[in-house]
Amino acid sequence: MSAPTSANEAFIYDVLRTPRGKGKPGGSLYEVKPVELVSGLLKEIAERNPSYDPGRVDDVVLGCVTPVGDQGADIAKISSMVAGLPESVAGVQLNRFCGSGLESVNQAAARIRSGMEDMIIAGGVESMSRVPMGTDGGAMAMDPQTALDTNFVPQGIGADLIATIDGVSREDVDRFAVRSQERAARAWDEGRFAKSIVPVKDRNGLMILDHDEYIRRGTTVESLSSLKPAFAMIGEHGGFDSVALEVYPNVDSIDHVHHAGNSSGIVDGAAVVLIGSEQVGKDMGLTPRARIVSMAVVGSEPTIMLTGPAPASRKALAKAGLTAEDMDIVEINEAFASVALRLQSELNIPDEKLNPNGGAIAMGHPLGATGAIILGTLVDELERTGGRYGLATLCIGGGMGIATIVERI
Amino acid sequence: MINFEKDNDGFVTLTIDDPNAGANTMNQAFSESFAATLDRLESEKDSINGVIVASGKKTFFAGGDLKSLISVGPDDAQRLFEQVEGIKSLLRRLEKYDRPTVAAINGAALGGGLELALACHHRIAVDDNKTEIGFPEVTLGLLPGAGGVTRSVRKLGIAAALVDWLLQGQRYKPAKAKEKGLIEDLVATREELLPAAHAWLVANKENESARVAPWDVKGYKIPGGTPSTPAFAANLPAFPANLRKQLKGADIPAPKAIMAAAVEGAQVDFDTASRIESRYFTELATGPTSTNMIQAFFFDLQSLTGEALRPSGFDKRKVAKVGILGAGMMGAGIAYECARAGMEVVLKDVTQANAEKGKAHSEKILNKAVGRGRMTEEKRDGILALITPTESAADLAGIDVLIEAVFEDADLKAKVFAEALEFISDDCLLCSNTSTLPITGLARNVPRPSDFIGLHFFSPVDKMKLVEIIKGEQTSEETVARAIDIVQQIRKIPIVVNDSRGFYTSRVFGTLISEGVAMVGEGCDPVTIERSATQGGFPAPPLAMLDEVSLTLTQHIRAEAEKAAQAAGIELPSEVGAEVIGRMVNEFGRKGRAAGAGFYDYPTDGSPKTLWPGIREHFTTGTQYPIADMEDRYRFIMALETAKCIQEGVLTDTASANIGGIFGIGFPPATGGPAQYMTNYAGGLSGFVSRAQELAAKYGDRFEPNAWLVERAASGKGLIGD
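Top to bottom, those sequences are chains A and B.
Residue numbers for the first sequence follow this note's numbering, beginning at 12 and rising by one.
Residue numbers for the second sequence follow this note's numbering, beginning at 8 and rising by one.
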């Protein structure tokens, strides 16, 4: 099947990302300020596309989930200035939790398709080492009345609940984790990310990081088996299991299967996607790499929180007039192994099409950037394999899901 | 290089003593020796109870190896970064050594020396007034890259470290250094130092907190907070803005990098902060500004305050008694400086009252010092007692040196010399303080022209460190040597030049002033004219400086030059800006600051001067040039004139060119001075020549580099030598 086209298409002209550094003091990117992570990429767009005119950029839209401290005060505009983009380029930071990076792509695409704007740089950034997750507070977890009224439990509890409900065992999630590690290692070994990776260098041009340093080669189901479940303790002593079971009265108890080895890694990183109209590409002599076909965002049950990808994907597929079988590649953010497995079973995705180059379990999930990163990985992989359609999707805090469908050109 | 001595109580004394140099520096040999020493400390740890880090030199430790740092460029970044990280890892090992360590600071601990001391757990210094402690790196275009930023910030807090130590490169006496928080203890004499260090180790042998840096203790908070502390964050935005205000908009990289490294480092763990510091250090060290500043402020200054320019074969002579003719602003200032250096001074003017007034100048300065607690009354009285004001030339009897400092008039100068010569010995050195009149001509008026020399002091004499020594055609080598001796005796910096009208400094200064006035004539906005100079790195803008000098003096100097040219049958090239100055003086009656009105208005109520609105009314036509061009016009016109001075033999060394330019006439310090500016310009001297040609095409032939300079650039010979 073919998706309908629009009078104003939104094309992807380039996708770039930094390598992902371990998101803690001692991680390679800890010393790099988030504005520098982004500005390095913004400068690189011009390096790689000599005919690109940054003066044509209307806006820079960046996802960032913890926009305080180093990431506060509209990091999109500030990093644009740091990168030396013309002052006419605006910037806005947005936050749709883990979906932020893809949300920025979708908003940019919608604005291009509306015909109101010509070219937007979308993307995201998160330095989880410098601005730890949760430092921005928020009523969801920090206001008891809100938490009581909305049945809040941490995501890990939701992930374990998904596994429990789906009958996914500890071995299943560990096997998925090993597969992520193996595929990520293979992708690096074969240079599959080479097109998108922009090494992070210091002010002297000296190398700081040129690879995803979170990957653990040689991970096996056996080696993972020694890891203790990460959320059993807070589930029990933090009372969260009880809250979840209030909402899911038919579940006996929660089987805590997730741990650091089968959940997404805490890392630092950034990504940008150059999105524009057909005309702006012609004006600048840029060749589009992909077309953004459709996109969707949904709300879902907030306590289990992480079941949004499938409904979001279905919604985007319906808009595009396509089915899951039309997708040559599906990239889902591996927030937790059970989330990816849930999507795979709901959409019946063949194993080889799902995250063929690994995912966030192996390489990490820099919250605000991941959506743009997996979209880039998707475009690169469609080009490498000659596939046509691809889907990128993420689960989102608060009970949401987001999805984007692209067509390689 | 590092002597390791362990006593019976398990206390180790490390004595650093570079066998190949007069001072200890962080060179390769030190690194290797330091690494081996740390290995030994670690392997013998069980039998060690504490460590003293001491020096075998007169100074404690001099810091970085400037000879190697001056030559590194961007291509050396990786190697330099690794090298500095390597040294830091050694200092970190010392800091993390699980025994109390104490730095025994016997003499100067500057830069790397202080960094070494800060890597110890405790610091004791000899309270000697000659010892200097500080981080002078910023004055060389660098930052303290061996942990100086990181440790001072952690010890004192961001604001105190920046303001008291890092941004200005202050050098403190030990007592002040203790007050400012980087030294813990003082002892009165060198003899007491090692015993005090030993006693501290004994007292702290069992003290857990004495063997660890405070910032390595869990929960340590940087004093004053970090950007994540609201109280600190409230003031943080003003830090960079105030820095720019202090720099007057000049693009000087080192203080900016220091501030960035300090604030960024405070937000991360020690080792990351240290690496961030290394990256900024590498950027500064491999950039052009540090090369320029190390050349000028270390090597050139060292050669001028040393023997480099002094003709050899003449014994150094100490001046006991000096005579000064003219007790005006310059004479009075010179008298003060000579008395401060312990010379007996005879200050002669035409009337006793004038001479007394000249002495009162010294009294005023000294009273201020006493009032601020910087000097005792006894010391003041002692200095004042050295100055004898007089109207009688007979009182000059017995002086070793005569310095004439009367009004800039050749005839008047001849007259006062003739009067003085009756009473002074044949061995007395004859000096004229003139800023423009050729020395050879003045020398004709005395019977001993070989003993006659120009000593061009700058105003205000007590603040300006430079003295331009001008050799006349007949000035002897011995006279030059004696002139250098006296300048060094009063602790000023001598440069030596050959005779010409305006010598070196005044001549080049004149081109700067003229360029500012020229732009008034071209219709540029006066504020932009002034601001482009300060943004270009000049300490003061040209129109303001012209007001200080006075417009009429400028006319007078020009008239003298024309008179002399006419007598010699030469036609002077027309002077840019002369017409503007003429109108300012003749049409608008604005002669300069002394007259109460020049390019600026000088409100009588003491409020700051403001540009005279009449400039815009009468001259400004809306002409706009790129600011970068305006900045370049100032620097280039001065540099080109400097090149001519070299070509004509007025200047015979680049150190005099650079230091004279910076200390005498405000050439931007970050350039390293006019000669360094030309040779280290992007693309070297050829790059300078091309840019000058561009400026010539846009702004006039005076920017056209002459054939000599073009040839020097093309041949790659540089400015001086073959």
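For each residue, glycine too, the CB sits at the ideal point set by N, CA and C.
In the DSSP assignment, find the unbroken beta strand (DSSP E) run with Asp185 of chain A in it and report its ends.
Counting along the chain, Asp185 of chain A falls outside any beta strand (DSSP E), though it belongs to the alpha helix (DSSP H) covering 181–200.
Between B:Lys420, B:Val209, B:Leu189, B:Glu480, which lies nearest to Thr157 of chain B when the distance is taken from Cα to Cα?
Nearest option by C-alpha distance: B:Leu189.
Mind checking Gln631 of chain B: buried by the 16 CB within 10 Å criterion, or exposed?
When all chains shown are included, Gln631 of chain B counts as exposed.
Can you confirm whether Ser235 of chain B, when its beta carbon is compared against all beta carbons of chain A, has any partner nearer than 8 Å?
Yes - at least one Cβ of chain A is within 8 Å of the one on Ser235 of chain B.
Roughly how many whole angstroms lie between the Cα atoms of Ala248 of chain B and Lys255 of chain B?
The alpha-carbon atoms of Ala248 of chain B and Lys255 of chain B are separated by roughly 11 Å.
Spatial neighbours of Cys652 of chain B within its chain, please: CB distance less than 6 Å, with the 5 preceding and 5 following residues excluded, ordered by chain position.
Closer than 6 Å at the Cβ level, and outside the excluded window around Cys652 of chain B, lie Tyr511, Leu658.
On a CA-only basis, which of B:Leu150, B:Pro615, B:Lys355 is nearest Glu738 of chain B? Give me that one, please.
In the structure as shown, chain B starts at 8 and stops at 729, and residue 738 of chain B therefore has no counterpart that could be examined.
Near Glu42 of chain A, what residues of its chain come up, given a Cβ to Cβ distance below 8 Å and the 5 sequence neighbours on each side ignored?
These residues qualify, in order along the chain: Ile219.
For Ala84 of chain B, decide whether its Cβ has a neighbour in chain A, counting only Cβ atoms nearer than 8 Å.
Taking Cβ atoms only, chain A reaches closer than 8 Å to Ala84 of chain B, which makes this a yes.
Who are the Cβ neighbours of Ala30 of chain B in its own chain at under 6 Å, not counting the five residues just before and after it?
Excluding sequence neighbours, Ala30 of chain B sits near Lys64, Thr66, Ala69.
Quick check for students: name the residue ranges of the beta strand (DSSP E) that lie wholly in the region 578–602 of chain B, counting only runs of 3 or more.
Correct list: empty.
In whole angstroms, what is the alpha-carbon distance linking Phe674 of chain B and Ile477 of chain B?
C-alpha separation (whole angstroms): 20 Å.
My assumption, with CB atoms under 8 Å, is that Cys406 of chain A sits in contact with Gly412 of chain A. Please give the rounded CB distance.
Between Gly412 of chain A and Cys406 of chain A the Cβ distance is about 6 Å, and since that is below 8 Å, they are a contact.
Assuming Gly500 of chain B contacts Leu311 of chain B under a Cβ cut-off of 8 Å, what Cβ separation, rounded to an integer in Å, is found between them?
The identity of residue 500 of chain B in the sequence shown is Ile, whereas the question assumes Gly. That pair is a contact at about 5 Å.
For Glu555 of chain B, which residues of its own chain have a beta-carbon under 6 Å away from its beta-carbon, when the five flanking residues on both sides are left out?
For Glu555 of chain B, where only same-chain residues beyond five positions count, the Cβ hits under 6 Å are Arg600.
Exposed or buried, Asp185 of chain A, counting other C-beta atoms within 10 Å across all chains shown (16 or more means buried)?
It is buried - the Cβ of Asp185 of chain A has at least 16 other Cβ atoms within 10 Å.
Taking Ala282 of chain A as part of the beta strand (DSSP E), name the residues at either end of that continuous run.
Run containing Ala282 of chain A: 278–287, per the beta strand (DSSP E) assignment.
Would Ile536 of chain B and Leu519 of chain B qualify as a contact pair, given that the criterion is a beta-carbon distance under 8 Å?
No. Outside cutoff.
Taking contact to mean at least 3 C-beta pairs separated by less than 8 Å, is the region 661–678 of chain B in contact with the region 523–535 of chain B?
Short answer: they don't touch.
With a CB to CB cut of under 6 Å and the five nearest residues on each side skipped, what residues in its chain are close to Glu432 of chain A?
Coverage of chain A is limited to positions 12 through 420, which leaves residue 432 of chain A absent and any answer about it impossible.
Note down the Cα distance separating Glu144 of chain B from Arg286 of chain B, rounded to an integer number of angstroms.
Taking the straight line from one Cα to the other gives about 15 Å.
Less than 8 Å between CB atoms is the rule here; does Arg286 of chain B satisfy it with respect to chain A?
So, interface residue.
Is DSSP giving Thr649 of chain B helix, strand or coil here?
Thr649 of chain B falls in the helix class under three-state DSSP.
Could you list which residues in chain A have their beta carbon closer than 8 Å to that of Val275 of chain B, in chain order?
Going along chain A in sequence order, the residues near Val275 of chain B (Cβ under 8 Å) are Pro36, Tyr41, Glu42, Arg141.
Which chain B residues are close to Gly216 of chain A, counting only those with a beta carbon under 7 Å from its beta carbon?
Those are Ala84, listed as they occur along chain B.
Any residues in the region 660–679 of chain B with a beta carbon nearer than 9 Å to a beta carbon of chain A? Which ones, in chain order?
Within the region 660–679 of chain B, no residue has a Cβ that lies closer than 9 Å to any Cβ of chain A.
Would you identify the three-state DSSP class for Thr518 of chain B, choosing helix, strand or coil?
Reduced to three states, the DSSP call for Thr518 of chain B is helix.
Taking a cut of 7 Å between CB atoms, which residues from the region 68–92 of chain A lie near chain B?
Cβ contacts with chain B: Gly80.
Return the residues of the region 208–242 of chain A that lie within a Cβ-Cβ distance of less than 8 Å from chain B, sorted by chain order.
Under the 8 Å Cβ criterion, the region 208–242 of chain A contributes Asp213, Arg214, Asn215, Gly216, Leu217.
Is Asn249 of chain B helix, strand or coil when you go by DSSP?
Three-state DSSP puts Asn249 of chain B in a helix.
Thinking C-beta only, is Ser697 of chain B closer than 8 Å to Gly690 of chain B?
Yes, these two residues count as a Cβ contact at 8 Å.
Compute the Euclidean distance between the alpha carbons of Thr358 of chain B and Cys438 of chain B, then round it to the nearest angstrom.
Each residue's Cα considered, the two are about 22 Å apart.
For a minimum of 4 consecutive residues, which ranges assigned as the alpha helix (DSSP H) are wholly contained in the region 237–261 of chain A?
Those alpha helix (DSSP H) runs which fall completely within the region 237–261 of chain A and span 4+ residues are 243–248, 251–258.
Within the same chain, show all residues whose beta-carbon is closer than 7 Å to that of Glu336 of chain A, passing over the 5 residues directly before and after it, in chain order.
Closer than 7 Å at Cβ, skipping near neighbours: no residue.
Any chance you could list the beta strand (DSSP E) runs of at least 3 consecutive residues sitting entirely within the region 127–172 of chain B, in chain order?
Within the region 127–172 of chain B, the complete beta strand (DSSP E) runs of at least 3 residues are 129–133.
Please look up how many angstroms separate the CB atoms of Ile165 of chain B and Ile229 of chain B, rounded, as I've assumed it's under 8 Å.
Contact holds; Cβ gap of about 7 Å.
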